Amino acid sequence: MSEFASTDRLIPRPVSPITEDDHDIFRTLVNGSDEFTLQPLGSSSDVTSLSLRACPYSVEERDVETLPGNPTRHVKGLRNLILDWNLELFALISSTVSLSSLIILLAYQDNEPLSTWTVPLSLNTVVSILSVIIKTPLAFTVGTCIGQGKWAWFSKRQGPLSAFVAIEEAGRGPLGSLTLMWKLGFRHWVCFGAGITLALLAIDPFLQGLVQYVGEMSQTGEIGASMMRSRGLDVGEWYRKIQSTRRLDGQAVHFDCYGHMQPDIGLSLATKIGFVNASILRPVHPPRLSCRTGNCTWPAFSTLGICSSCQDISYTVEKDFQPYGSCGSIHGHEMTNYSIRSSYGQGISPPALLRASGYLNESSKCVEGDDPKIYSRVIFQPNDTHSFRDWDTLLASFAILQAQEEYWSNKIKWNDTKVYATECALRYCIQVYQPTMINGNLDEGRISVSFEREPSSWQPKETNSSIRAAIEKTFGNLFAWSNETECWMMIPRNDLRLRLLDYDDLLPPDSDIQLIFNITHKSITSMMRSLDFQAMESINRGLLNSRNITATFENVARLMSYQMRDTNGSPVQGKTEQWVIYIKVRWELISGPVLLLLAATLFSARVVMESRGIELETSKSEPLELLLYGFDAKSRDCLRANRKAGKSIEGNIIQLEEAVEGPELRLKEGPK
Numbered sequence: 029m030s031e032f033a034s035t036d037r038l039i040p041r042p043v044s045p046i047t048e049d050d051h052d053i054f055r056t057l058v059n060g061s062d063e064f065t066l067q068p069l070g071s072s073s074d075v076t077s078l079s080l081r082a083c084p085y086s087v088e089e090r091d092v093e094t095l096p097g098n099p100t101r102h103v104k105g106l107r108n109l110i111l112d113w114n115l116e117l118f119a120l121i122s123s124t125v126s127l128s129s130l131i132i133l134l135a136y137q138d139n140e141p142l143s144t145w146t147v148p149l150s151l152n153t154v155v156s157i158l159s160v161i162i163k164t165p166l167a168f169t170v171g172t173c174i175g176q177g178k179w180a181w182f183s184k185r186q187g188p189l190s191a192f193v194a195i196e197e198a199g200r201g202p203l204g205s206l207t208l209m210w211k212l213g214f215r216h217w218v219c220f221g222a223g224i225t226l227a228l229l230a231i232d233p234f235l236q237g238l239v240q241y242v243g244e245m246s247q248t249g250e251i252g253a254s255m256m257r258s259r260g261l262d263v264g265e266w267y268r269k270i271q272s273t274r275r276l277d278g279q280a281v282h283f284d285c286y287g288h289m290q291p292d293i294g295l296s297l298a299t300k301i302g303f304v305n306a307s308i309l310r311p312v313h314p315p316r317l318s319c320r321t322g323n324c325t326w327p328a329f330s331t332l333g334i335c336s337s338c339q340d341i342s343y344t345v346e347k348d349f350q351p352y353g354s355c356g357s358i359h360g361h362e363m364t365n366y367s368i369r370s371s372y373g374q375g376i377s378p379p380a381l382l383r384a385s386g387y388l389n390e391s392s393k394c395v396e397g398d399d400p401k402i403y404s405r406v407i408f409q410p411n412d413t414h415s416f417r418d419w420d421t422l423l424a425s426f427a428i429l430q431a432q433e434e435y436w437s438n439k440i441k442w443n444d445t446k447v448y449a450t451e452c453a454l455r456y457c458i459q460v461y462q463p464t465m466i467n468g469n470l471d472e473g474r475i476s477v478s479f480e481r482e483p484s485s486w487q488p489k490e491t492n493s494s495i496r497a498a499i500e501k502t503f504g505n506l507f508a509w510s511n512e513t514e515c516w517m518m519i520p521r522n523d524l525r526l527r528l529l530d531y532d533d534l535l536p537p538d539s540d541i542q543l544i545f546n547i548t549h550k551s552i553t554s555m556m557r558s559l560d561f562q563a564m565e566s567i568n569r570g571l572l573n574s575r576n577i578t579a580t581f582e583n584v585a586r587l588m589s590y591q592m593r594d595t596n597g598s599p600v601q602g603k604t605e606q607w608v609i610y611i612k613v614r615w616e617l618i619s620g621p622v623l624l625l626l627a628a629t630l631f632s633a634r635v636v637m638e639s640r641g642i643e644l645e646t647s648k649s650e651p652l653e654l655l656l657y658g659f660d661a662k663s664r665d666c667l668r669a670n671r672k673a674g675k676s677i678e679g680n681i682i683q684l685e686e687a688v689e690g691p692e693l694r695l696k697e698g699p700k
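Just so we're aligned, residue 29 is where the sequence shown starts under my numbering, counting upward by one.
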C-alpha cells in the first residue's frame, strides 16, 4: 500500500459529533486496504496472524475497563491557568515589552542627529538585541502552543499517526512547520502557528531595516554668512557748467550742460573686463561673499542689477555697391558695402565692412595693420533700436556686424560673403536670488521675476507734459556733446525708479525683498558715458575675440551687477550650515513585527481557550508527557509488529483517550 495517497490523510476524524465536512475529509484518507496482519515479535509469518482490526480496542473492551469516554478533565481557574502557562505568558510579556521599548526608542531618536546618541552601544546593536528578545520568546510560545494543540486535537477526534508526528515536529522549528503546512495544505488552524514560526525567520530583516542614516545640510543657528546687494545706485561724478535753452515744438526746453562727467571707475572697469577678458565667463563668487563653513544658505533677496539680451537682426543688413571706389592698394574698382537698413542712431556704414568686390580676404583689405572682423555701434534711445523699443530702462544697445568665417579663411570672395547682424542690449533690472553654498560651491539660485519702471520716474523736470513725448522721441535717454558750449547737454530729469511686481507667489515667506529701487540721473548718464563712442574701440576688440556674443553680453551684465552690489555694499545675512547625519526610521517596516506579535498572541489564546474548553491537561511538547501518556501497551505492540513486518504505520488512526492511570494514545484502526 502507498504511504500517502493525499495530504488529506493527515486530517483527524472527529469522534462526535461528525460533520459532513469531516465525512469528506475522512473519505480522502481512505485509500488503502481494509485490514492488514500483525505478527508478534519472535514469531514467523506462518505461526500467528492477527487481523489489524483486532488490535485496537473494541467497544466491549472499553466497557470492561469501565473507562470514561474522554481524558481526565483539568480543573479550571485563573490560578491554574497562570501556573500552567506561566512561561508562555512571561514570554509574550517580554516580547511585548521589548517591541514597545523598541518603538518608543525609535520614536525618540527619529529625525535626531546621530551625534545625540551617546550610549556606548550603537543604535543598530540595541535594535539587534531587542529583536532577539522579541523573536525568541515568540518562537518558544508558538512552539509550545503547537505542541499543546496536538493533544487537544487528538482528544476531540481521531486522526492518522502521521498527523500527530507532523504536528509534534512543527513545534520544534521552521523545517517541521514547513512540512506540516505542506502536508495539511493550510486546511487547519494549527497551520496558522506553523506559519508564524516561519514568519519569525523574517523578523530580523524587518527590524534591521528600521534604522537608516541620512546626511543632510543643517543650519548651525549662527550668523556666519553674508553677501552684498544693491539697494540703489548713485555713482559717477559731474558738475554743471551752464544752462542752455532750445525750442522744441514751439516751446523753450531747458538743458543742463555739464563740462565734466566721470564714470564710476569700478563699473567702467567691470564693463571693459566683461567685453575684453573672454576667460572670465563665469565668475566664481559675487563680491565680498562670506561663508565660514563653506556650507551656507541665504534668504531670497532682491537687488538692483543689469540684464542683457541679444537678438538676430540679420534681416536688416543691406548690401550696396560703389562702382569706382578705392580700398588699400585697389583703386577704381567696384566696392561692396554692408550696412544696417534704416537709421540706427547715427547710422551704421562700417568702413571696416567696405571691401573690394571679387577679392578674397588677403587681397581686399581696406585698412592697414589689424583688420577688424567685427564692427559695432552703440546707442542709448530705445526708439532707435530694432528689438528693444519697449525697454524703458535701457542703458545701451549695440548693433554688431560680422562676416561669415569662410571669407576670413579665403574660401569665398567678399561680394559673395554673408554678413550677420546682432543687436544686444543692456538695461537696468531687478534681480532676485536665493543662494546656497555647498562644500564651497555657490549656486546663486536666481528667481525669474517681473518689474516695471514707475511712470512718474525719469521724467523731464518742470516741463509741460504736452512736449514730453516730443522730448522722448528726440532725445530719449540721449546726452550729446555740444561743441558750442564744450559740455555735455542733457534735459534735467527725475531719478529712475524700478518696482518689483507679483512676487508673493514666487518667493518663500522669509524672503528679504525690497520693492522699489532708485537710480540717480547722475548714475545713468555717467554709465552711458563709459559706453559711448570713445569706448567702442576697446569694446570692438573684445567682441572680436568672442566666440559667443550672447554669452559675452551676459558676462558683461553679470560683472556690472556684481560691481553695483559691491559699490552699494548692503549686506544680506545668511546662516551657516554643516553636514549632519540624521537617524531616520522606516516606520512601515515595524508593521511586520507588530503583526507577528498579534498573530502569536491570538494563536496562543486560541490554543489555551480550546484546551480549557475541553478541560484538557496542559501537556504541550514536554518529552516527559509524551512518555507518560504515549501509546498503551496493546497499541504499541500492534504498531511495533507492523513496523517490523515492513508495514506502513503512519496511516493508522489514533486518538487520545482516558485510561485508569491517565490519558493515553490508543490505536483505533488500521490504515484505510
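Backbone N, C-alpha and C fix where the C-beta goes; we use that ideal spot for every residue, glycine too. The structure displayed is predicted, hence computed values, not measured ones.
Check whether residue i and residue j have beta carbons under 9 Å apart
i	j	result
L526	I475	no
P483	P327	no
C285	M518	yes
I541	L423	no
D701	S404	Outside the displayed range of the chain (29 to 700) lies residue 701, so it cannot be described from this structure.
S123	L166	yes
L572	T299	no
Q240	V608	no
I567	V406	yes
Contact belief for residue i with residue j at Cβ below 8 Å, rounded distance in angstroms
i	j	result
I402	M245	Actually they do not touch by this definition, with Cβ atoms about 46 Å apart.
V600	R316	Between R316 and V600 the Cβ distance is about 11 Å, and since that is not below 8 Å, they are no contact.
A610	E140	This sequence places Tyr at residue 610; Ala is not what is there. Confirmed, about 7 Å.
M255	P463	7 Å
L208	L134	Not a contact, Cβ separation roughly 35 Å.
S485	L543	Contact flag wrong, Cβ pair sits at about 14 Å.
L470	F234	Wrong, their Cβ atoms sit about 43 Å apart, outside the cutoff.
L624	I231	6 Å
V170	A628	5 Å
N522	K550	12 Å between Cβ atoms; not a contact.
Rounded separation between residue i and residue j - CA only
i	j	result
G252	T321	8 Å
N597	S336	The amino acid occupying residue 597 in the given sequence is Gly; Asn does not appear at that position. Looking at the two C-alpha atoms, the distance is approximately 23 Å.
L529	G602	24 Å
G294	T450	28 Å
P569	A563	Pro is not the amino acid found at residue 569; the sequence shown has Arg there. Going by the C-alpha atoms only, they are around 10 Å apart.
S589	A431	31 Å
A579	P314	18 Å
V345	D418	22 Å
Y456	I334	5 Å
I195	E116	19 Å
G177	P148	44 Å
K269	G287	6 Å
S554	Q606	44 Å
P219	W145	Rather than Pro, the amino acid found at residue 219 in this sequence is Cys. Rounded to whole angstroms, C219 to W145 spans 43 Å at the Cα level.
W442	G468	51 Å
S61	V193	Note that S61 scores a pLDDT of 36, beneath 50, so its modelled location is shaky; the value from the coordinates is reported in the next line. Roughly 22 Å separates the two Cα atoms.
G264	D594	15 Å
F118	G221	19 Å
DSSP bridge partner residues for residue i (one or two, in chain order)
i	result
T450	D340, I428
Q462	Beta-bridge pairing links Q462 to no other residue.
R275	A280
T331	Q459
Q290	E265
C324	M465, T604
K211	DSSP, once it has assigned bridges, lists no residue as partnering K211.
N546	G260, R525
I270	C285
Endpoints, the alpha helix (DSSP H) within which residue i is located
i	result
W436	433 to 436
H549	549 to 557
A227	218 to 227
Q236	231 to 236
S126	114 to 137
I402	Unbroken run through I402 is the beta strand (DSSP E), 402 to 407; no alpha helix (DSSP H).
R569	564 to 572
Residue i: CB within 8 Å of a non-hydrogen atom of the ligand NAD
i	result
Y241	With respect to the ligand NAD, the structure offers nothing, as it holds no ligand at all.
N- and C-terminal bounds of the beta strand (DSSP E) containing residue i
i	result
Y610	598 to 613
Q247	239 to 247
S478	478 to 481
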